[in-house]
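Novice:
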Amino acid sequence: MRIVLYSVCLLLIVPAAFAKQSVKNPLDDLAEKADIAEELMRVGNLNLEANRDNEAKRLFKLAEIKLRNPAEARLGLAEIRIQNSDLRRAKYGCRKMERDFPKSPLGAICFGRMWLKFDRSARAIENFEAVRQSGDVRAIVGLARTYDYMNEWDKSVELYKEAIEKGAGYDAWLGLALVRERKGEMSDALKAAKKAVEIESHSAFALYHLGRMLKTGTDAAALVEKALLIRPNWADAYGTLGEIWISEDPGKAVEAFRKAIALEPDRGTFHIGLGTALFHQKKNEEARVELNKALELVPNHIEATRMLSQVELEAGNTERAIQLAETAVQLSPNNAEICFETAFLFFKIKRFTQANAYFIRTLSMVPDSTASKVYMGDIACDRRMYSDGVSHYKEALKGDMKGFSKSDIASRIKKCSSQK
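Quick look at the structure:
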């Protein structure tokens with residue numbers, strides 16, 4: 025009987041095991057082909073980036089045997105401890121490198137990375153500067169990261185550019201992309217991120233950040249999905265995938281956000297994303313649950329508040345929708361977009377006095393808002409204030425023309441004028 029039960033268990037277990045192995049991590053293929061120390065180090069670092077510490081450690085130890093200078097492998101092993109915030113063991117590893125390889129700059133680089141991880145920027149700079157002239161560009165990349173961390177972005181950009189000129193790899197290009205993004209230089213940021221992926225197509229970080237910067241479309245989604253093949257169970261990547269799909273394919277967005285929440289259930293932004301995607305699917309009750317959950321986790325979150333207002337309005341809960349919309353304005357009084365949304369909510373329910381007040385407030389922040397002027401024209405014409413309505417429409421033609429064409433406004437002018 026035991027033999028029969030054991031056989032049945034095997035039949036149940038083996039298919040499940042194969043199911044787990046059906047999607048092979050691309051880094052495993054690289055590891056199988058890696059036969060020289062430099063390639064083992066490369067794949068080891070990619071595994072470390074992908075949060076696969078055990079595989080990274082195995083590859084670094086193999087490289088240590090093959091390398092003429094095992095300090096490289098020791099740096100990789102120390103980096104595992106640094107990434108895991110194991111200060112005691114990281115410090116021991118860096119100090120041992122300095123002792124065993126006194127002529128190598130890698131001990132100082134190790135200490136620089138360690139101090140940066142533990143928020144000791146001055147110590148990090150001291151160590152990186154000490155070996156900056158050694159010819160190892162990792163010291164310059166370390167300085168660039170440190171100044172980025174300190175929000176000294178101009179200095180960080182110059183250091184990344186110097187490192188790249190001296191032969192730094194994809195990590196320098198990716199660092200440059202992230203600093204450019206923080207500076208608001210999105211065109212340059214995208215170019216640098218694309219270069220990072222071009223140099224190293226198996227970097228989970230490079231793939232993820234390029235997809236995130238692209239924001240929408242199948243190309244962006246494909247990049248993030250490839251990053252997830254390399255680094256499974258990455259909540260941020262699933263959240264980003266949800267954001268990419270939210271307007272184009274809400275069903276895929278729902279799936280991605282649910283996976284993100286399964287990994288990090290207390291992240292309010294994931295519940296907001298899921299609630300928004302469900303709203304786009306017209307699943308208002310489910311959307312309400314998620315958005316209320318988000319507000320439990322992050323009280324007074326502006327995005328959750330404004331989105332829940334739209335859900336409540338669609339559900340016919342007008343007063344609750346108004347309360348939430350006005351709360352959103354109070355939370356962000358200088359946000360023209362939120363102010364306009366509140367104005368439009370009042371416009372939709374024909375509470376024109378409040379609508380006008382919020383449209384005027386919007387125009388105080390965005391004077392060329394065509395939409396605000398058009399709806400103020402609609403209100404004036406509805407109130408039989410035809411001259412005022414036509415005046416608003418003519419002013420709208422001088423605005424940003426977002427959401428309206430000249431023919432749309434011309435037809436409104438004609439209709440309003442004919443009622444005089």
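Here the sequence shown stands for residues 25 to 444, numbered as in my numbering. Glycine included, C-beta positions come from ideal geometry on N, C-alpha and C.
1. Please state whether the Cβ-Cβ distance between Gly20 and Ala381 is less than 9 Å.
2. Rounded to the nearest angstrom, what separates Gly68 and Leu321 at their Cα positions?
3. Where do the ends of the alpha helix (DSSP H) carrying Ser396 lie?
4. I'd like the list of long-range same chain contacts for Thr366, defined as Cβ closer than 6 Å, with 5 residues on each side in sequence excluded.
5. Using the C-alpha atoms, what's the distance from Ile346 back to Gly100?
6. Should Ser393 go down as buried or exposed, given a rule of 16 or more other Cβ atoms within 10 Å for buried?
7. Under the three-state reduction of DSSP, which class applies to Asp273: helix, strand or coil?
8. With DSSP collapsed to three states, give me the class of Thr170.
9. Let's see if you can read the secondary structure: which residues bound the alpha helix (DSSP H) around His325?
10. Does the Cβ of Thr242 have 16 or more other Cβ atoms within 10 Å, making it buried, or fewer, making it exposed?
11. In terms of alpha-carbon separation, which member of Lys190, Ala154, Asp178, Lys179 lies closest to Val161?
12. So what's Ile133 in DSSP terms, helix, strand or just coil?
13. Run the CB neighbour count on Ile384, radius 10 Å, all protein chains shown included, and call it buried at 16 or more, exposed below.
14. Would you tell me roughly how many angstroms separate the C-alpha atoms of Ala55 and Asn175, rounded to the nearest one?
15. From the DSSP output, in three-state form, read off Arg123 for me.
16. So for Gln305, helix, strand or coil by DSSP?
17. What number of angstroms, rounded off, separates the C-alpha of Ser227 from the C-alpha of Ala74?
18. Over what stretch of residues does the alpha helix (DSSP H) that includes Thr240 continue unbroken?
19. Considering only residues of the same chain and omitting the five flanking positions on each side of Ala447, which have a CB-CB separation below 6 Å?
20. Please list, in chain order, all residues of the same chain as Phe84 whose beta carbon is under 6 Å from its beta carbon, the five residues on each side excluded.
21. Suppose contacts are defined by Cβ-Cβ distances below 9 Å. Is Met389 in contact with Asn341 by that definition?
22. Rounded to a whole number of angstroms, what is the C-alpha to C-alpha distance between Glu343 and Lys218?
23. Which residues in the same chain have their Cβ closer than 7 Å to the Cβ of Ala280, if we skip the five residues on either side of it in sequence?
24. At what residues does the alpha helix (DSSP H) containing Asn151 begin and finish?
Specialist: Put simply:
1. Absent from the model: residue 20. The displayed extent of the chain is 25 to 444, so no value can be given.
2. Those two C-alpha atoms are separated by around 37 Å.
3. 394-406
4. Ala349, Val353, Tyr382
5. Straight through space, the alpha carbons of Ile346 and Gly100 are spaced by roughly 56 Å.
6. Its Cβ being crowded by 16 or more others within 10 Å, Ser393 is buried.
7. It is coil, neither helix nor strand.
8. helix
9. Premise fails: His325 is in no alpha helix (DSSP H) and is neither H nor E.
10. exposed
11. Lys190
12. helix
13. exposed
14. Whole-angstrom Cα-Cα distance: 37 Å.
15. helix
16. coil
17. It is roughly 8 Å from the alpha-carbon of Ser227 to the alpha-carbon of Ala74.
18. Element bounds for Thr240: n/a, residue is neither H nor E.
19. Summary: the structure shown does not reach residue 447, with the chain confined to residues 25 through 444, and so no result is reported for it.
20. Gly68, Ala97, Gly100, Leu101
21. no
22. 48 Å
23. Tyr262, Leu265, Gly266, Trp269
24. 145-154
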